[in-house]
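Okay, so here's the structure we're looking at.
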Amino acid sequence: MKNFNQNAVSARTSETNRIIKIFHLAQTVGQILILLICATLGFVNRNLFNQSQKLAISLSLIFVCLQFSLLQTESEQPKRWQLINHYIETIAICYTLPISLSLLTKLLNYYHLINGTFWMLLVTFYSLIMYIPMAKLALSRVNNNWGRILLLMFVVYDVRVVSKIAGTLRYNKVLHQINNSGLSGIPVLIIITVLVMTSWKIQKPHFLYSRNDSILFSSLITLLLAGVLFLIALSPLAKVDNIADTLSYYFDQINLGIIGSAIRTGIAEEWLMRFLVIALLAQIFQSSKYRIYLIVLFDGLLFGFWHITNIAYQTPLTTLRQMFEVSGAGLVLAAIYLYTHSLLLNMTYHGLYDFILFLQAGIGEYGNPVKSAVQPTMMDWQGTILRVTIYAAIALVIIWTKRRQEVIAKNLAQM
């Protein structure tokens, strides 16, 4: 009976992989056709695409051809070049799919062949499934945990993939705000995760408080987070005479772009950096005596490094300072997740924290950050160093004692 069940599971897996390969083949051929049409029309009409788009067409044709390797049946003991190829395949698909769809969107819009809103609805729903072959046939086969972490950070680098596809296309304002803020990318991230979890030996996410922890200490942590949010929200109000007008200004600032961006950062970043990265770091440092400390340290550093992408809309020094401070905050968030094992707590705090900052710092109506040329002062750096020191101390308090480390060890066994 047991062998029969195993054979049935194996048959279902083979059939699923066959269907995914057919989908991947169709998607790859579709990309080639789109790129060839764009290249032909671009040759006829030299003003249709700019230089960067022409370069993207040429590079994409090369990268798309590399994706046919995913159709091969991989042996149980793949060669080294095949393992390296999975990195290339993952990056290639993440690069070419949005470009192909954005070029197709530009063409259809240029020749007035689409209704913007209807087309972007189709693209938004298609984005939910377009990375399935990449996740199942390439990403899930990567067997190095550091490689997995780096690829995940690349894949999730910007979950606002649909906004890239839209380009300058005008369509429904609400859908535009949802896509630009990254809300539509959250289910994409979750689907990718589901497809790689089994092969990566990652257990299901845990959203509520762990049964292993102390209710009192977890309550203190929750109160601490609530207090931090309260202080951050009140700090600008202490500098003004008319609090009512300032509150009114804040409420006037609220829009779907800000709300969506806060939800996206809260869910997507915590899903990536706490749920996935910590689970992989736990495997990397499985046999280390300082396992818990190393997990917290590297999760914080990776969280800070991931914010290097913010250099696109702020100065290098401001970005460096932000990376340093975010690394400190990442230490606390990692320690809290390890002890409470509550992904929901981290997501809620992170989302509300960014929501308050977005209201204070300003963010576009469509979830686009406001560019800034402000340079950090010496006082800014001193404040950052002080806060990072406090963050590190709080993280140590959470993971320091033997009793708390026993709780964390039990939680790690469930990650």
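Quick note on the working numbering: the sequence shown kicks off at 132 and runs consecutively. All C-beta atoms in this analysis are idealised placements derived from N, C-alpha and C, irrespective of residue type, glycine included. Since this is a predicted model, take the numbers as computed values, not measurements.
Can residue 293 and residue 315 be called in contact, C-beta distance under 8 Å?
-> Taking the first residue of the sequence shown as 1, we reach residue 293 at position 162. Taking the first residue of the sequence shown as 1, we reach residue 315 at position 184. Taking 8 Å as the Cβ cut-off, residue 293 and residue 315 qualify as a contacting pair.
Over the uninterrupted alpha helix (DSSP H) stretch that includes residue 260, give me the two end residues.
-> Here the question's residue 260 lines up with position 129 in the sequence shown. Element bounds for residue 260: n/a, residue is neither H nor E.
Leaving out five residues before and five after residue 187 in sequence, what residues of the same chain have Cβ atoms less than 8 Å from its Cβ?
-> Within the sequence shown, residue 187 is the residue found at index 56, counting from 1. Counting only Cβ-Cβ distances below 8 Å, and skipping sequence neighbours, we find 230, 234.
What residue range is occupied by the uninterrupted alpha helix (DSSP H) comprising residue 350?
-> The sequence position of residue 350 within the sequence shown is 219, counting from 1. Where residue 350 is concerned, the enclosing alpha helix (DSSP H) stretches over 346–365.
Mind checking residue 485: buried by the 16 CB within 10 Å criterion, or exposed?
-> As a first step, residue 485 is located in the sequence shown; it is residue number 354 there, counting from the start. Its Cβ being crowded by 16 or more others within 10 Å, residue 485 is buried.
Return the residue from the list 164, 180, 266, 173 that minimises the CA-CA distance to residue 152.
-> The residue labelled residue 152 in the question sits at position 21 within the sequence shown. For residue 152, the nearest C-alpha among the options comes from 266.
Taking C-alpha atoms, which residue in 473, 450, 546 lies nearest to residue 507?
-> The sequence position of residue 507 within the sequence shown is 376, counting from 1. For the residues 473, 450, 546, the minimum Cα distance to residue 507 belongs to 450.
Residue 469 and residue 542 closer than 8 Å at C-beta | As a position in the sequence shown, residue 469 is number 338, starting the count at 1. As a position in the sequence shown, residue 542 is number 411, starting the count at 1. Yes; because the gap between Cβ atoms is below 8 Å, this pair is in contact.
Closest by C-alpha distance to residue 242, when choosing among 308, 169, 183, 228 | Along the sequence shown, one-based indexing puts residue 242 at 111. Nearest C-alpha to residue 242: 169.
Mind reading off the beta-carbon distance from residue 409 to residue 398? Whole number of angstroms is fine, and I expect it under 8 Å.
-> By one-based count along the sequence shown, residue 409 stands at place 278. By one-based count along the sequence shown, residue 398 stands at place 267. The pair is not a contact, with the Cβ atoms about 16 Å apart (cut-off 8 Å).
Whose C-beta lies closer than 7 Å to the C-beta of residue 259 among residues of the same chain, with five residues either side of it excluded?
-> Numbered from its first residue, the sequence shown carries residue 259 at position 128. Here the set comprises 318, 319, 322.
For residue 452, name the three-state secondary structure that DSSP assigns.
-> Sequence index remark: in the sequence shown, residue 452 carries index 321 (1-based). If DSSP states are grouped into helix, strand and coil, residue 452 belongs with the helices.
Leaving out five residues before and five after residue 438 in sequence, what residues of the same chain have Cβ atoms less than 8 Å from its Cβ?
-> The sequence position of residue 438 within the sequence shown is 307, counting from 1. Result list for residue 438: 450, 453, 454, 457, in chain order.
At least three beta-carbon pairs within less than 8 Å, the segment 322–335 to the segment 400–417 | yes
Consult DSSP for residue 334 and reduce its assignment to one of helix, strand or coil.
-> Position 203 of the sequence shown, counting from 1, holds the residue named residue 334. The answer is coil: DSSP assigns residue 334 none of H, G, I, E or B.
Leaving out five residues before and five after residue 222 in sequence, what residues of the same chain have Cβ atoms less than 7 Å from its Cβ?
-> The residue given as residue 222 occupies position 91 in the sequence shown. Around residue 222: 285.
Nearest candidate by alpha-carbon position, reference residue 171, set 288, 185, 443, 515 | As a working note, residue 171 is residue 40 in the sequence shown. Among 288, 185, 443, 515, the Cα nearest to that of residue 171 is on 185.
Ordered along the chain, which non-local residues of its own chain (more than five positions away) have a Cβ less than 8 Å from that of residue 336?
-> Translated into the one-based positions of the sequence shown, residue 336 becomes position 205. Hits under 8 Å: 402, 406, 474.
Could you give the distance in angstroms between the alpha-carbon of residue 359 and the alpha-carbon of residue 279?
-> Counted from its first residue, the sequence shown places residue 359 at position 228. Counted from its first residue, the sequence shown places residue 279 at position 148. When rounded, the distance between both Cα atoms is 33 Å.
Cα-Cα separation, residue 524 to residue 354 = In the sequence shown, residue 524 corresponds to position 393, counting from 1. In the sequence shown, residue 354 corresponds to position 223, counting from 1. Rounded to the nearest angstrom, the two C-alpha atoms are 17 Å apart.
Are the Cβ atoms of residue 79 and residue 545 separated by less than 8 Å?
-> There is no way to answer for residue 79, as the model of the chain reaches only from 132 to 546.
With a CB to CB cut of under 6 Å and the five nearest residues on each side skipped, what residues in its chain are close to residue 415?
-> Position 284 of the sequence shown holds residue 415. Here the set comprises 276.
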